[in-house]
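According to full-length UniProt numbering, the sequence shown is numbered sequentially starting from 1.
A virtual CB, placed ideally from N, CA and C, is assigned to each residue, including glycine.
All remarks here apply to the structure that follows.
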Amino acid sequence: MERLKVAHEIFSIEKVYEASAEEVFSAWSSLEARAQWFIGPSGWEVVERKLDFKVGGKEILHGRFENGRETLYRAEFYNIIPNERIVFVYDMHVHKTLHSVSIASVELESVDPKNTRLKFTEQVAFLDDTVGSAGVASRKEGTSVILDRLTIFLESK
Numbered sequence: 001m002e003r004l005k006v007a008h009e010i011f012s013i014e015k016v017y018e019a020s021a022e023e024v025f026s027a028w029s030s031l032e033a034r035a036q037w038f039i040g041p042s043g044w045e046v047v048e049r050k051l052d053f054k055v056g057g058k059e060i061l062h063g064r065f066e067n068g069r070e071t072l073y074r075a076e077f078y079n080i081i082p083n084e085r086i087v088f089v090y091d092m093h094v095h096k097t098l099h100s101v102s103i104a105s106v107e108l109e110s111v112d113p114k115n116t117r118l119k120f121t122e123q124v125a126f127l128d129d130t131v132g133s134a135g136v137a138s139r140k141e142g143t144s145v146i147l148d149r150l151t152i153f154l155e156s157k
């Protein structure tokens, strides 16, 4: 299997939520809301969570698996247009090793007053010898799971 020094990949996911653009945006911009759906998989617990949702603001999500392995997500917000767009850069550390750096965008479009189309696009650079095609498949799957959790969160409101 070929290993690359830096593996660049890009992917997009589109979903339609039965919620207004304001409700979807609020789910991204509120720490209390994000804590309900932006979480790790089973067997993972939060060590630290912070959110300063503004241009130049930062987000931290540090977690630990039952086996002691840790993940650290650190993001900075670069562009925010309420109810329309969020652009951020984030890095992901796995067990204290820099795994990847990404630029991501969340675009919201009202389909009608009660439905919103979300387009999530991420360009990722894997830095730890991850093979790009395998890494992006895993990242896309994880992002899909998180966006499905957002569906459940919005439906519970």
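query, result
"Through-space distance from Arg-149 to Trp-37, alpha-carbon basis", "5 Å"
"Buried or exposed (CB count within 10 angstroms, at least 16 for buried), Asn-67", "exposed"
"Rounded separation between Met-1 and Ile-13 - CA only", "The predicted model places Met-1 with a pLDDT of 48, which falls under 50 and marks its position as unreliable; any figure quoted below should be read in that light. Going from the Cα of Met-1 to the Cα of Ile-13 covers about 27 Å."
"Where Ser-156 falls: helix, strand or coil (DSSP)", "coil"
"Under the three-state DSSP convention, the category Lys-114 falls into", "coil"
"Close beta carbons around Glu-84, own chain, < 6 Å, minus the five adjacent residues each side", "Leu-108"
"Closest Cα partner of Lys-54 within the set Ser-29, His-62, Arg-34", "Ser-29"
"N-terminal and C-terminal residue of the alpha helix (DSSP H) that Phe-25 is part of", "21-29"
"Which of helix, strand or coil DSSP assigns to Glu-32", "helix"
"Helix, strand or coil at Val-46 according to DSSP, with G and I counted as helix", "strand"
"CB contact flag (Tyr-78, Glu-59, <9 Å)", "no"
"Under 9 Å between C-beta atoms of Glu-22 and Gln-123", "no"
"Proximity of Gly-40 and Gly-63 at Cβ, strictly below 9 Å", "yes"
"Per-residue DSSP class, three states only, for Met-1", "Model confidence at Met-1 stands at a pLDDT of 48, short of 50, so the residue's coordinates are unreliable; what they give is reported in the following sentence. Coil."
"Cα-Cα separation between Ala-33 and Arg-74, rounded to whole angstroms", "18 Å"
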